[in-house]
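The working numbering applies: residue 4 is where the sequence shown begins, and numbers increase by one.
Note that CB positions come from ideal geometry on N, CA and C, so glycine has one too.
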Amino acid sequence: MKQLIQLSVLLFFSTVTTLQAQSYYETVINSSLLAHISANHVTREASLANFNSIFKKQKEFYEESNKKIVQVVAIHEKIYQNLYNINSLFGQSKQIKYIKDYVFSIIGNLRKMNKLAVENPQYSFWIKKETDQVYSKVLSIIEERKAFLTEDRKRLIDSADRDALLDRVYMKLRLLNVSILNVINIIEFNKSRAYIYSIPVFNNFVEHDKQLVEEIMQKYRRYKYY
Numbered sequence: 004m005k006q007l008i009q010l011s012v013l014l015f016f017s018t019v020t021t022l023q024a025q026s027y028y029e030t031v032i033n034s035s036l037l038a039h040i041s042a043n044h045v046t047r048e049a050s051l052a053n054f055n056s057i058f059k060k061q062k063e064f065y066e067e068s069n070k071k072i073v074q075v076v077a078i079h080e081k082i083y084q085n086l087y088n089i090n091s092l093f094g095q096s097k098q099i100k101y102i103k104d105y106v107f108s109i110i111g112n113l114r115k116m117n118k119l120a121v122e123n124p125q126y127s128f129w130i131k132k133e134t135d136q137v138y139s140k141v142l143s144i145i146e147e148r149k150a151f152l153t154e155d156r157k158r159l160i161d162s163a164d165r166d167a168l169l170d171r172v173y174m175k176l177r178l179l180n181v182s183i184l185n186v187i188n189i190i191e192f193n194k195s196r197a198y199i200y201s202i203p204v205f206n207n208f209v210e211h212d213k214q215l216v217e218e219i220m221q222k223y224r225r226y227k228y229y
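Written as structure tokens, this is what we have:
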């Protein structure tokens, strides 16, 4: 009985001591853990808020940069387009200047051709074909001019179409000028020699006679010493 009472008392004090130790241990650990958790939570919230703030600023900066890049590209495109238009305008101005110069040159050569033809009608059969070609080229240029005036305006806005049209006109003017100069050269060349050479049939006779005379002279020189 006595042993039972002692055992009960010992068990009681042991239980009380254990409970006190457990209560003390849990109170100390929970307080420290709560402090650490609270501190970590505050730090984490602050870091997250700072990260969100930085991310937002970076996003705004990126979006603003994209807008600036788009604006810069658009400005560069406008500058390029304007420079291209200016260059095209200068190019067409040069073409128009060349065309204008050629027109004045053609007018001067045409007057000279008409004057020579009137003063030397005997060469008309030589230049008939050439003058017909000149007239045909003039008509072709007139048709090109009509096409230029009646062409679809939207097509003429395009610089490539305008360049092609001006190039065609310029080339036809050059060919016209060459034909006129050819007529002038034919007349002036025939004026520089005997008229009989300008007559196709007689010219053949003259050339044939010249060959006969040369053969006779060669035979004479060959046999005169025999």
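Where residue i and residue j are concerned, what is the direct C-alpha to C-alpha distance, given to the nearest angstrom?
{"i": "residue 114", "j": "residue 188", "result": "14 Å"}
{"i": "residue 181", "j": "residue 175", "result": "10 Å"}
{"i": "residue 58", "j": "residue 52", "result": "10 Å"}
{"i": "residue 164", "j": "residue 123", "result": "44 Å"}
{"i": "residue 61", "j": "residue 48", "result": "20 Å"}
{"i": "residue 135", "j": "residue 145", "result": "15 Å"}
{"i": "residue 170", "j": "residue 125", "result": "38 Å"}
{"i": "residue 101", "j": "residue 66", "result": "52 Å"}
{"i": "residue 173", "j": "residue 98", "result": "8 Å"}
{"i": "residue 56", "j": "residue 46", "result": "15 Å"}
{"i": "residue 107", "j": "residue 177", "result": "12 Å"}
{"i": "residue 195", "j": "residue 120", "result": "15 Å"}
{"i": "residue 209", "j": "residue 117", "result": "Because the pLDDT at residue 209 is just 48, under 50, the model does not fix this residue reliably, and the point stays unresolved."}
{"i": "residue 142", "j": "residue 105", "result": "17 Å"}
{"i": "residue 103", "j": "residue 166", "result": "15 Å"}
{"i": "residue 110", "j": "residue 139", "result": "16 Å"}
{"i": "residue 63", "j": "residue 50", "result": "20 Å"}
If you check the beta carbons only, do residue i and residue j fall under 9 Å apart?
{"i": "residue 168", "j": "residue 137", "result": "no"}
{"i": "residue 185", "j": "residue 133", "result": "yes"}
{"i": "residue 112", "j": "residue 190", "result": "no"}
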